[in-house]
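Enquirer: The structure that follows is given in the form of structure tokens.
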Amino acid sequence: MSEKILPELPENLKDFLDIPYGGLFGNSAQAQIVEEIIADPTMHYRPKYLEEMTGRKPKTVRDALQKLVQLGLIENVSKDTYHPVYRVVVESKKFIALSLLAYALLDDRDKTRCMDTAILDYYHKNLEKQDKPLACATASPEMWGITTDREPYKNGFVVAEGV
753 MSEKILPELP
763 ENLKDFLDIP
773 YGGLFGNSAQ
783 AQIVEEIIAD
793 PTMHYRPKYL
803 EEMTGRKPKT
813 VRDALQKLVQ
823 LGLIENVSKD
833 TYHPVYRVVV
843 ESKKFIALSL
853 LAYALLDDRD
863 KTRCMDTAIL
873 DYYHKNLEKQ
883 DKPLACATAS
893 PEMWGITTDR
903 EPYKNGFVVA
913 EGV
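Here this note's numbering is used: the first residue of the sequence shown is 753, the next is one more, and so on.
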């Protein structure tokens, strides 16, 4: 089995490798939690798990989670107020944008096209139906009075300039 040899990471980028979003948002607890939940949006998150993953104190994690709920990125799906369970609101435009940003960072670092693929997928799933015209029409240049000498005139006035 052959191993894929990855390109060597430049020295100036190695400092940002373990920082959420390549250091773009700093290394706060909130940035660490956002990176974690964007990486696996299907999982349900408990504060204890995020404390272990980020190495942050319980109050810091609770405050960050509360802020993310206010921003609409996550929601508490537990009925038990003492044991909250959070899930990512994957329908949120913020989630989509942060996912694309994560792909963009990978693309810049590894020279891949993950973001392009994700944008195309998003377009096909969410925008293509809205963006398609209801009808298409075609016409020959002669129909519009455009002659072989490229004069867009018919009966003395312009009918289809730029066609």
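All C-beta atoms, glycine included, are put in the ideal place defined by N, C-alpha and C.
1) Determine the burial state of Thr869: buried for a count of at least 16 other Cβ atoms within 10 Å of its Cβ, exposed for fewer.
2) Let me check understanding here. Comparing Cα to Cα, which of Arg798, Leu825, Ile871 lies closest to Arg814?
3) Just checking my contact of Glu788 with Met805 at CB under 8 angstroms: how many whole Å lie between their CB atoms?
4) Exposed or buried, which one is Val842 when buried takes at least 16 other CB atoms within 10 Å?
5) Quick check on DSSP: helix, strand or coil for Val915?
6) Please decide whether Glu787 counts as near chain D, where near means a Cβ-Cβ distance under 7 angstroms.
7) Across which residues does DSSP place Asn828 in a beta bridge pair?
8) Answer yes or no: do Ser961 and Val837 have a C-beta to C-beta separation smaller than 7 angstroms?
9) Fully enclosed by the region 769-794, which alpha helix (DSSP H) runs are 4 residues long or longer?
Expert: Taking the structure as given:
1) Working through the sequence shown from its first residue, we reach residue 869 at position 117. Counting the other CB atoms within 10 Å of its CB gives Thr869 a total below 16, which places it among the exposed residues.
2) Within the sequence shown, numbered from 1, the residue matching residue 814 stands at position 62. Each of Arg798, Leu825, Ile871 was checked against the Cα of Arg814, and the nearest Cα belongs to Arg798.
3) Along the sequence shown, one-based indexing puts residue 788 at 36. Along the sequence shown, one-based indexing puts residue 805 at 53. Between Glu788 and Met805 the beta-carbon gap is near 6 angstroms, inside 8 angstroms, which marks them as a contact.
4) Against the sequence shown, residue 842 aligns to sequence position 90. Its Cβ having fewer than 16 others within 10 Å, Val842 is exposed.
5) Numbered from 1 along the sequence shown, position 163 holds the residue referred to as residue 915. With a pLDDT of only 43 at Val915, under 50, the local geometry of the prediction cannot be trusted, and no value is derived from it.
6) Given the protein chain composition of this structure (a single chain), no chain D is represented.
7) One-based indexing of the sequence shown puts residue 828 at position 76. Asn828 is bridged to Tyr838.
8) In the structure as shown, the chain starts at 753 and stops at 915, and residue 961 therefore has no counterpart that could be examined.
9) Qualifying alpha helix (DSSP H) stretches, in chain order: 781-791.
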